[in-house]
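Chemist:
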Amino acid sequence: MAEVLPTSPPTALSNPLLTGEPKRFSVKSDLAHWGVLYGASGLFALICAVFLISIIVSSIPAWRHSGLSIIYGRVWSQASNSFGALPIIAGTLATTAIALFFAIPIGIGAALAIVHVLPDRLRIVLSSLVELLAAVPSVVYGLWGLLVLAPWFERTVEPDLARVTGSKFPFQAPPEGVSLLLAGCVLFIMVLPMIVALSRDAISVVPHDQFEGALSVGATKWQVVRKVVLPGARTGVVGAVTLATARALGETVAVAMVIGLNPLFPSSLFSTASTLASTIALQFQDATPLQVAALGALALILMAMTAIVNWFGRRLISASAFRAGAI
Amino acid sequence: MVQRVAARTLERRIRISKAMVALCGVALALALVPLFAILFTLVQKGLRWWNIDFFTQTPQFPSLLDPNQIGGISNAIVGSLVIDGVAALFAIPIGVVAGLFLAESTSRFARVLRTTAEIMTGLPSILLGIFAYQMIVIGFDEWGVKLPGIGFSAIAGSFAIGILMIPIIMKAAEAALRGVPATIREAGLALGARRGVIARRVVIPTALPGLVTAVLLAFSRAVGETAPILWVIGASTVVSWNPRKEMASMPLQIFQSATSPYLSLREEAWGIALLLVVIVLVINLGSRLFAAWLQKERR
């Protein structure tokens, strides 16, 4: 999230237009300029097109082999060339759901605290701290999840949860450490900065006079937040959550390290599972050409899911920015 | 009457409000716990690996006699430099020029391209790994089009990382270039300058702080990316500067060490992770500070 930096106009003396050679400024066609601009943009567009085609082409043999049962089939086995991704899709959705379950209340609460509770100076410090959290590479989250969180989950968190809930679904033992729950929690930590930063932006553009107006008619701070701030920021906050969803669906390395890669339907929060991205990451290297194609099909499914969710989220965010600008 | 009702509920409303505000504060505290926990573990477990050998030696396979004798990671440091350097070499010009296009053009193509860039930044980077594998490692051979592959190499990694960087640079560069006041541009046009000259000598210099931030932020993201290079750069335990050769890289090394059965390698992963996080945070903070400084210098 790079800010737009305010720019000051250069003074007359430093204006490069006034110091160059006069003949350079003769009116000629702008063709070369647009040529370069269209060249670079066209190159990027071409790369994107080839990218899409390459993923589709790489998956064709798998669709020929298994047809649409890749999407609804229930058995994913490299050994018997059986490619049914339903358990993997279920794992992807489950980890994302766990992550959002924690990230939505904590993220929005933290954003509210940053904008409406903290004094100005602290606000800037904490905002940058949250952005630092977003800059940490995902493999480091994976490392921390695997070597620090996993043993803690295995020894403490999961046995305790099982005891408290009486080992009922979805908390059946045995605790394994590396599990669906752990993957969801690591994802939660990873998408949290995104939700905090984007909802903070949405919350802070709700006009301050509305806030003060509500206070002046006797509403308490929480009533103002609930009745004025959150409705005003709703589009932006929903957009933030949507973008975080896309991120969680596609996160690869960190999840691959802590989920245990088990291509079966997760039966409990403590059982190992698999996600689309982590399956691609861990099985690609040793795959036969047909298996590569099947992983290409997973990639296509993942691409469609994340692209749609992402596009939707971007639209919400820009709609909310537009509304804030229009007021 | 109204006042009496209000007075009766006032205390309850204030209590609820205070409780909810406190809960928001708790949420913020909870959000910061992982940051400090991760940084603490990184420093506690990583710093003791930082010695001369760690930075200058190549890795050794942990032997039975002395499992702690595992060498250093100079190959991964050089590998990251080469892979990300080559990626930046082609991603920065394309990204900045395409960003200029987004900022200057109002055509339909520009709108489509902007949406494409936004979707590309949100796609899982593992997809680019497959792309690089198909195009660079094994080559493309379909419908009569034949591109020979060059095998596992740093270039394949650079290809994936560069494509990852382009849309990030594009979007941030567009924002920076749009910040240039239209009046300056128009003054240039009024003096009879060509658009190319205005772009090169007025718009880009004015937007330079923003552009530098854009490029550095994209670079700091690229340095930590593991997924796109998982299976395209091969593996190497020697220091190599040749981008056509197989290579190691820091994020990939963390992934491999962390999931290896050797305790000493798993512990060493903390040392590499600390180095990676320090690099990323320095670039990240440095770019912001540099932009702020440049901005101040010009006033």
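Here the protein sequences line up with chains A and B, keeping their order.
So this note's numbering is basically just the index in the first sequence, starting at one, shifted up by 1449.
Quick note: the second sequence, position 93, residue 76 per this note's numbering, numbers continuous.
C-beta: ideal position from N, C-alpha, C; glycine also.
Small disclaimer: the values here were computed from a predicted structure and weren't measured.
1) Name the chain A residues that come within less than 7 Å of B:Met118, Cβ to Cβ?
2) Hey, B:Arg97 and B:Ile151 are a contact pair by Cβ (cut 8 Å); roughly how many whole angstroms apart?
3) Let me know if A:Arg1604 comes out buried or exposed under the rule of 16 or more other beta-carbons within 10 Å of its beta-carbon.
4) Using 10 angstroms around the beta-carbon of A:Asn1530, count the other beta-carbons present and answer buried if the total reaches 16, otherwise exposed.
5) Mapping the DSSP letters down to three states, classify B:Phe23 as helix, strand or coil.
6) Could you please give me the residues that DSSP links to A:Leu1480 through a beta bridge?
7) Between the Cα of B:Val195 and the Cα atoms of B:Ala159, B:Val(-12) and B:Glu208, which residue gives the shortest distance?
8) Secondary structure at B:Leu200, three-state DSSP: helix, strand or coil?
9) Is the distance from the Cβ of B:Val185 to the Cβ of B:Gly162 below 7 Å?
10) Using 7 Å as the threshold, is the C-beta distance between A:Ala1611 and A:Phe1620 below it?
11) Can you check which of these residues, A:Leu1765, A:Thr1721, A:Ser1769 and A:Ile1757, is closest to A:Ile1537 by C-alpha distance?
12) Which residue spans inside the segment 35 to 97 of chain B form an unbroken alpha helix (DSSP H) run of at least 4?
13) Kindly examine the ligand ZN and report whether one of its heavy atoms sits closer than 6 Å to the Cβ of A:Ile1557.
14) So, is the C-beta of A:Arg1763 closer than 7 Å to a C-beta in chain E?
15) Go ahead and pull the three-state DSSP assignment for B:Trp214.
16) Using a Cβ-Cβ distance cut-off of 7 Å, determine whether B:Val263 contacts chain A.
17) Apart from the five residues just before and just after B:Ala155, which ones in its own chain have a Cβ nearer than 6 Å to its Cβ?
18) Who are the Cβ neighbours of A:Ile1729 in its own chain at under 7 Å, not counting the five residues just before and after it?
19) Which chain B residues sit within Cβ distance under 9 Å of A:Asp1479?
20) Three-state secondary structure (DSSP) at A:Leu1710?
21) Report the option in A:Phe1602, A:Ser1628, A:Ala1498 and A:Ala1560 whose CA atom is closest to the CA atom of A:Ser1653.
22) Short of 6 Å in beta carbon distance, which residues of its chain neighbour A:Ser1475, apart from the five on each side in sequence? Order them along the chain.
23) Mind reading off the beta-carbon distance from B:Ser108 to B:Ala210? Whole number of angstroms is fine, and I expect it under 8 Å.
24) Do we get a CB-CB distance below 7 Å when we pair B:Leu110 with the residues of chain A?
25) Tell me which same chain residues have a C-beta within less than 6 Å of the C-beta of B:Gly122, skipping the five on either side of it?
26) My output table needs one value for A:Ser1526: the three-state DSSP class, helix, strand or coil.
27) Quick check on A:Lys1670 - is its C-beta less than 7 Å from some C-beta in chain B?
28) Restricting to Cα atoms, I'd like to know which of B:Val206, B:Arg249, B:Ala201 and B:Arg168 is closest to B:Pro188.
29) Does the segment 1548 to 1559 of chain A touch the segment 235 to 247 of chain B, meaning 3 or more C-beta pairs lie closer than 8 Å?
30) Mind checking the segment 1593 to 1617 of chain A against chain B and listing, in chain order, the residues whose C-beta falls within less than 8 Å of any C-beta there?
31) Pull up the distance between the alpha-carbon of B:Pro226 and that of B:Gly134, whole angstroms please.
32) Taking the alpha-carbon positions, what's the B:Leu259 to A:Ser1515 distance?
33) One question on the structure: do A:Ser1507 and B:Gln43 come within less than 7 Å of each other, judged by their Cβ atoms?
34) Would A:Pro1586 count as contacting chain B if we go by Cβ distances under 7 Å?
35) Would you kindly report the start and end of the unbroken alpha helix (DSSP H) that includes B:Met148?
36) In whole angstroms, what is the alpha-carbon distance linking B:Val26 and B:Gln40?
Modeler: Considering the structure as presented:
1) Ser1503
2) No, B:Arg97 and B:Ile151 are not in contact; Cβ-Cβ is about 13 Å, not under 8 Å.
3) exposed
4) exposed
5) helix
6) Per DSSP, none; premise fails for A:Leu1480.
7) B:Ala159
8) helix
9) no
10) yes
11) A:Thr1721
12) 35 to 39 and 57 to 87
13) With respect to the ligand ZN, the structure offers nothing, as it holds no ligand at all.
14) Among the protein chains in the structure shown, which are A and B, there is no chain E.
15) coil
16) yes
17) Ala197
18) Leu1744, Leu1747 and Ala1748
19) Arg177, Arg178 and Gly179
20) coil
21) A:Ala1560
22) Unreliable positioning characterises A:Ser1475 in this predicted model, as indicated by a pLDDT of 43, which lies under 50. The coordinate reading is nonetheless provided below. Within the same chain, A:Ser1475 has no close Cβ partners at all.
23) 5 Å
24) yes
25) Leu130, Pro131 and Gly132
26) strand
27) yes
28) B:Arg168
29) no
30) Trp1593, Leu1595, Leu1596 and Val1597
31) 12 Å
32) 42 Å
33) no
34) yes
35) Ala137 to Arg161
36) 21 Å
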